[in-house]
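Protein sequences, first through last, are from chains A and B. Residue numbers for the first sequence follow the numbering used here, beginning at 1 and rising by one. Residue numbers for the second sequence follow the numbering used here, beginning at 227 and rising by one. Ideal Cβ positions, reconstructed from N, Cα and C, are used throughout, including at glycine.
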Amino acid sequence: MKKKYLLLIGLALLFSTSSCRQEQTTHDKMTDSLNDSTAIVLQLRKCSRIYSSEYQIHKIITNTDILKLKGNIINQKVDMEIPSGLRKIAIPIDVTIKGYTDLALLQEKNIKTEGKKITIVLPDPQFVVTAVKIDRKNISQISELMRNKYQEQEINQLTRKGVASIYKDMPWNEFLETARSNAAYTLFPILQTIGFEEIHIQYRDDLKTTPKNQLLLFKNLEKRSK
Amino acid sequence: MKRKGRHTLRRKILFLLLTVILCGGLFFWLGNKVKNFLKENNLVSLSLTTNTQMDQTPIEISSIRQIGQWEFLSVQTEELVDSTRKGIFFDDRIVCIYRGTLSLGINMEKFDKSWVKAQSKDSISLILPPVTLLDQNFINEAQTNVFFEEGTWKESDKERLYLKAKRQMMQRAFTPENRNMAEKHARMQITRLMNAMGFSKVNISFKGETSPKQNTSL
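Below you can see the structure in the form of structure tokens.
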């Protein structure tokens, strides 16, 4: 009789462990990824950049999320909205973009002086996103009975997509021009005070022929340091 | 007689328990098999879907401003901040990792003639303002990682977390050591620039500095 019970218990355990195996693997993977992201980094980079232009961009990111049942049942397509499964959000964000001239790239051959005359050929202006701020006071969201409110993780993911979408909508040609002239305006009074009377600040001649995507070095903050 | 009755009852309970466990296991096993069969033959495949894509909205350029910030040291940092709220049964908790880059350098917008202390044909002496944090707005919230979130958090709570991260980042990155490093690099870079402009002897000091470095040249 005892042997029978033992056999039954063994069988029951076998079934239950086989059904749990997949879940355990997923859990382990999740723990690993969480452990990786807890590392705190402090990276220092010496540089010599003159930031000459600052652009403040405002955007309202919106998302309409409807809960749907999709798939097929015996070759019949199913695509139906779940009642009370709607939620919406509007996230206003402010993005700061700065145009800079990297003086570390300025070589001796780019500076020519003749008495009181100076000619400087500056490197191409570049741009970087220096800050992104979510306007928390003005976030607006609704969620129906079947849905949860937007979690902070989801708000951040939408913000990331919103910032990425900004790049293609910007008037880059105008930004290039303002970055160039502002860099010259920043250097001009310094050179004048040093004693130069005739000041020429130039850029590369082939700037206009260079593809714009090579000049606009948009990088997120992790990639800012080379 | 009484002992025999108790023994029978115990056996019945044990048998019932084992039957329940066995049935449960069989039920899960069969369910899994049926699910796999339906999936493999593409007879039933249903899933709940949500939309994580954002809608198309325009951008607005709020301002274009001329600035003059000469950056000599960039400090890229991450800050882990958390908040816990006591509940009756469970506590709410949120843990976020904020990312930001702090720029240390000289604000050229304040430039005036007093910066150039003395000058001759091949030598120049400059007194620069102290190295400062060039922009107070340095966190990229698009890069924030929500490490853990449990419970309902108001936007004002999240704003407080952001401010806490900002304060801690400034404390960690805007240190006297980093300011010194930025000043040292500024000396090197400006001297290089002045050398290229024809000044062979360059003296650079910073306002408020106790021991100014003299005769810096490359």
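For the stretch 358-377 of chain B, the set of positions with a beta-carbon nearer than 7 Å to some beta-carbon of chain A reads 361, 363, 364, 365, 366, 367, 368, 369, 370, 371, 372, 373, 375 in chain order. Per the Cβ contact rule, the stretch 46-63 of chain A is in contact with the stretch 94-102 of chain A (3 or more Cβ pairs under 8 Å).
The way I'd put it, the stretch 189-204 of chain A doesn't touch the stretch 295-306 of chain B; fewer than three beta-carbon pairs between them come closer than 8 Å. Only 131, 132, 133, 134, 136, 137, 139, 149 from the stretch 131-150 of chain A bring a Cβ to less than 8 Å from some Cβ of chain B.
Fewer than three Cβ pairs drawn from the stretch 311-324 of chain B and the stretch 337-347 of chain B lie within less than 8 Å of each other, which leaves the two stretches out of contact. Residue 108 of chain A sits in a helix when the DSSP states are folded into three classes. Under the Cβ distance rule, residue 105 of chain A does not count among the residues neighbouring chain B, no pair being separated by less than 8 Å. Judged by DSSP in its simplified three-state form, residue 150 of chain A adopts coil rather than helix or strand. Against chain B, the CB of residue 182 of chain A has a partner CB under 8 Å away; the residue lies at that interface. The beta-carbon distance between residue 288 of chain B and residue 57 of chain A, rounded to whole angstroms, is 7 Å. This is short enough to meet the 8 Å contact definition. Going by C-alpha positions, residue 126 of chain A is about 52 Å away from residue 265 of chain B. Relative to residue 365 of chain B, the option among A:111, A:140, A:69, A:131 whose CA is nearest is A:131.
According to the DSSP assignment, residue 127 of chain A belongs to no alpha helix (DSSP H) but to the beta strand (DSSP E) extending over 126-134.
Residue range 285-311 is occupied by the beta strand (DSSP E) that includes residue 293 of chain B. In the structure shown, residue 56 of chain A adopts extended strand secondary structure according to DSSP, grouped into three states. If the five residues before and after residue 159 of chain A are omitted, its C-beta is found closer than 8 Å to the C-beta atoms of 61, 91, 93, 132, 134, all from its own chain and listed in chain order. Taking the Cα positions, residue 308 of chain B is about 6 Å away from residue 322 of chain B. Cβ neighbours of residue 377 of chain B within its own chain (closer than 6 Å, five residues either side excluded): 318. Burial state of residue 182 of chain A is buried, judged by a 10 Å Cβ sphere holding 16 or more other Cβ atoms. At least one beta carbon of chain B lies nearer than 8 Å to the beta carbon of residue 152 of chain A. The three-state reading of DSSP puts residue 169 of chain A in helix, counting H, G and I together. Judged by their CB atoms, residue 286 of chain B and residue 153 of chain A are not nearer to each other than the 8 Å cut-off. In the structure shown, residue 267 of chain B adopts coil according to DSSP, grouped into three states. Not one beta carbon of chain A lies nearer than 8 Å to the beta carbon of residue 310 of chain B.
Residue 160 of chain A reaches chain B at 368, 369, counting residues in chain order whose Cβ is nearer than 8 Å. Contact of residue 200 of chain A with chain B by beta-carbon distance below 9 Å is absent, the smallest such distance being about 13 Å. Straight through space, the alpha carbons of residue 381 of chain B and residue 338 of chain B are spaced by roughly 44 Å.
Per DSSP, the unbroken beta strand (DSSP E) holding residue 92 of chain A starts and ends at 76-102. Straight-line spacing of the CA atoms in residue 173 of chain A and residue 179 of chain A works out to 10 Å. In this structure, the beta-carbon distance from residue 85 of chain A to residue 144 of chain A falls below 8 Å. Between residue 412 of chain B and residue 111 of chain A, the C-beta spacing is not below 8 Å.
Counting along the chain, no alpha helix (DSSP H) covers residue 330 of chain B; the unbroken beta strand (DSSP E) around it starts and ends at 318-333. When 9 Å is used as the limit between beta carbons, residue 406 of chain B is near no residue of chain A, the shortest such separation being about 12 Å. Under the DSSP definition of a beta bridge, residue 200 of chain A partners with A:119.
Only 339, 341, 342, 345, 350 from the stretch 339-354 of chain B bring a Cβ to less than 8 Å from some Cβ of chain A.
With a threshold of 16 other beta carbon atoms within 10 Å, residue 149 of chain A falls short and is exposed.
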